[in-house]
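Worksheet for the structure shown next.
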Amino acid sequence: MTDHIYWKNGVLYLLDQRELPFRKTYVKCRTAGDVITAINNMTVRGAPLLGIVAAYGMVLGAKEVMAAKRSVRRADIARIAKKLGATRPTAVNLFWALKRMMEAFEGHAGDTDIVEDMLGEALAIHVEDIENNRMLSLYGAEIIDKGDTIMTHCNAGALATGGYGTALGVMRAAHEAGKKIKVIATETRPYMQGSRLTVWELMQEGIPVELVPENHAGLLCSRGVVNKIITGADRIAANGDTANKIGTFMIALAADAHKIPFYIAAPVSTFDKAVEDGGRIEIEERSAREVKYLDDRLLTVRDAKARYFGFDVTPSRYISGFITEKGIIKRPFAKYIRML
Ligand code: MRU
């Protein structure tokens with residue numbers, strides 16, 4: 029499952045995740061503005077993928093400037109990065125990738141095509157992400173026991189990354205190693221990343237999966253149905269506090285109450301050492317419309333007040349370890365995160 033994002037003849041093709049699992053349609057991005065729209069309207073989502081898409085967005089923006097002015101200045105690139113960075117505030121991979129693209133522009137020697145050089149950097153970010161996911165998945169598979177039932181929340185699969193996935197990558201690697209695992213996927217209201225994306229991805233891989241609303245976490249942990257939990261992350265602070273899809277904290281509490289190991293699988297690009305603790309991570313608040321409506325169907329009283337925070341923060345004390353491409357980070361988290 030690696031055809032969900034590709035670059036062809038100067039156009040970025042994005043598999044429209046809003047239409048999955050029912051239709052496979054692509055959104056074509058020809059400008060940085062198209063990329064901004066695709067991020068804002070959730071055509072694409074997932075922290076590592078947001079970084080990759082934003083990197084290609086920088087290439088498209090540079091191409092536009094070049095076509096209009098025949099040269100690209102630092103101020104032009106900084107302006108495009110600012111607009112792309114104003115889309116979704118929580119996923120640090122987005123800002124990490126924009127910074128890398130800025131550095132690629134600044135390091136440009138001057139005698140080569142700047143747009144081509146920036147495209148080279150975007151492709152490198154994309155390919156490295158897939159490699160990192162494969163690597164962290166191999167490390168992660170080592171902590172999976174034969175016959176484990178693993179719960180996951182939201183979607184941290186190939187679709188949320190350049191390919192292969194983080195939390196789902198670990199499950200794929202364990203499955204490929206013949207560990208006969210079973211996955212419990214939470215629905216993940218209101219965008220339904222779990223029902224629409226995680227279940228679809230796992231079924232394509234032939235990995236047994238069962239769908240539950242996320243309010244089942246307490247019951248399933250208390251009855252011994254789940255014996256490990258692995259999710260992805262959008263931003264990990266220097267002390268290990270982790271922002272991930274809203275509801276993750278609640279699941280971590282249920283895991284803690286029943287002594288079930290709770291792991292975060294994420295590439296090093298998801299760690300934000302500049303942020304001391306989770307209280308300082310900006311939490312995206314999305315439109316109340318996304319809670320009140322399922323597609324175009326109103327689910328509540330028309331004038332009802334509603335709120336929708338996209339993420340929550342799980343304090344590091346509830347986390348058993350971080351599965352990364354450099355290995356598994358155990359306690360003390362702050363010390364090992366500093367060394368990354
Ligand atoms: O709002 P989303 O769908 O972008 O949120 C995605 C998540 O919370 C994922 O768990 C996280 O980005 C990790 S994806 C490998």
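Mapping of the sequence shown onto the numbering used here: position 264 corresponds to residue 292, and the numbering continues sequentially without gaps.
We put the beta carbon where it would ideally sit given N, CA and C, even for glycine.
In this text the structure is predicted, and so the values were computed from the model without any measurement.
Rounded C-alpha distance that separates residue i from residue j
i      : j      : result
LYS97  : VAL87  : 15 Å
ILE171 : ALA103 : 47 Å
ARG359 : SER348 : 8 Å
TYR192 : GLY185 : 6 Å
HIS286 : MET278 : 13 Å
GLY19  : ARG58  : For residue 19 there is no data in the structure shown, the boundaries of the chain being 29 and 368.
LEU225 : MET231 : 10 Å
LEU247 : CYS182 : 19 Å
GLU134 : VAL254 : 49 Å
LYS273 : GLU318 : 15 Å
GLU204 : TRP124 : 31 Å
MET199 : LEU239 : 16 Å
PRO236 : ALA132 : 43 Å
MET220 : GLN45  : 11 Å
LEU187 : GLY74  : 8 Å
ILE351 : ASP324 : 39 Å
VAL227 : THR180 : 11 Å
GLU233 : LYS36  : 27 Å
GLU242 : ILE108 : 38 Å
VAL55  : ASP173 : 40 Å
LEU126 : HIS154 : 13 Å
LEU78  : ASN121 : 7 Å
ILE264 : GLY138 : 36 Å
THR140 : ALA283 : 54 Å
Residue span of the beta strand (DSSP E) that contains residue i, given as start and end
i      : result
TYR54  : 54 to 57
GLU318 : Where GLU318 is concerned, there is no enclosing beta strand (DSSP E), although the alpha helix (DSSP H) it sits in stretches over 317 to 320.
PHE339 : 339 to 342
ASN272 : 270 to 273
GLY355 : 355 to 357
PHE350 : 349 to 352
VAL296 : Neither: VAL296 is in no beta strand (DSSP E) and is coded neither H nor E.
TYR34  : 33 to 36
TYR41  : 39 to 43
Same chain, Cβ closer than 8 Å to residue i, five either side skipped, listed in chain order
i      : result
GLU312 : ARG116, PRO117, THR118, PHE337, GLY338 and PHE339
ALA152 : none
ALA316 : LYS333, ALA334, ARG335 and TYR336
MET70  : GLN45, ARG46 and TYR219
ARG366 : ALA266 and LYS301
Close Cβ partners of residue i (< 6 Å) along its chain, the five nearest in sequence each way excluded
i      : result
VAL100 : ALA90, VAL93, MET94 and ILE142
ALA150 : ALA83, TYR84 and VAL87
ILE175 : Correcting the residue type first, residue 175 is Gly in the shown sequence and not Ile. Same-chain partners within the cutoff: LYS208.
GLY197 : ASN161 and SER165
LYS256 : ASP176, ILE178 and PRO289
THR342 : THR270, THR276, PHE277 and ALA280
MET163 : GLU353
Spatial neighbours of residue i in its chain, beta-carbon cut-off 7 Å, leaving aside the 5 residues before and after
i      : result
ASN267 : GLU304, ASP305, SER344, PHE361 and ALA362
ASP157 : PRO76, ILE80, THR189, GLY190 and PRO295
ASN68  : THR115
LEU368 : VAL296, PHE299 and LYS354
Extent of the continuous alpha helix (DSSP H) run through residue i
i      : result
PHE361 : 361 to 367
LEU281 : 276 to 285
Checklist entry - Is the segment 42 to 53 touching the segment 89 to 96, taking contact as three or more C-beta pairs under 8 Å? => result No, because fewer than three Cβ pairs between the segment 42 to 53 and the segment 89 to 96 fall closer than 8 Å, the two stretches do not touch.
Next on the checklist: Does the structure place the segment 142 to 160 close enough to the segment 312 to 328 that three or more beta carbon pairs sit under 8 Å?
Outcome noted: Contact between the segment 312 to 328 and the segment 142 to 160 is absent, because fewer than three Cβ pairs lie under 8 Å.
Next on the checklist: I'd like the ranges of any alpha helix (DSSP H) spanning at least 4 consecutive residues and lying wholly in the segment 68 to 131.
Outcome noted: For the segment 68 to 131, whole alpha helix (DSSP H) runs of length 4 or above, ordered along the chain, are 75 to 97 and 102 to 113.
Checklist entry - Taking the runs of the beta strand (DSSP E) that are 3 residues or longer, which of them lie wholly in the segment 176 to 237? => result Correct list: 177 to 180 and 210 to 214.
Next on the checklist: Taking 8 Å as the cut-off, does the segment 187 to 202 touch the segment 254 to 266 (at least 3 CB pairs, one atom from each stretch)?
Outcome noted: With a cut-off of 8 Å, the segment 187 to 202 and the segment 254 to 266 count as touching, because enough Cβ pairs lie within range.
Checklist entry - Do three or more CB pairs link the segment 158 to 168 to the segment 291 to 301 at distances below 8 Å? => result Contact between the segment 158 to 168 and the segment 291 to 301 is present, because at least three Cβ pairs lie under 8 Å.
Checklist entry - Fully enclosed by the segment 141 to 180, which alpha helix (DSSP H) runs are 4 residues long or longer? => result Segments of the alpha helix (DSSP H) lying fully in the segment 141 to 180: 142 to 169.
Checklist entry - Which runs of the beta strand (DSSP E), 3 residues or longer, sit entirely within the segment 244 to 269? => result List check, beta strand (DSSP E) in window: 256 to 259 and 263 to 265.
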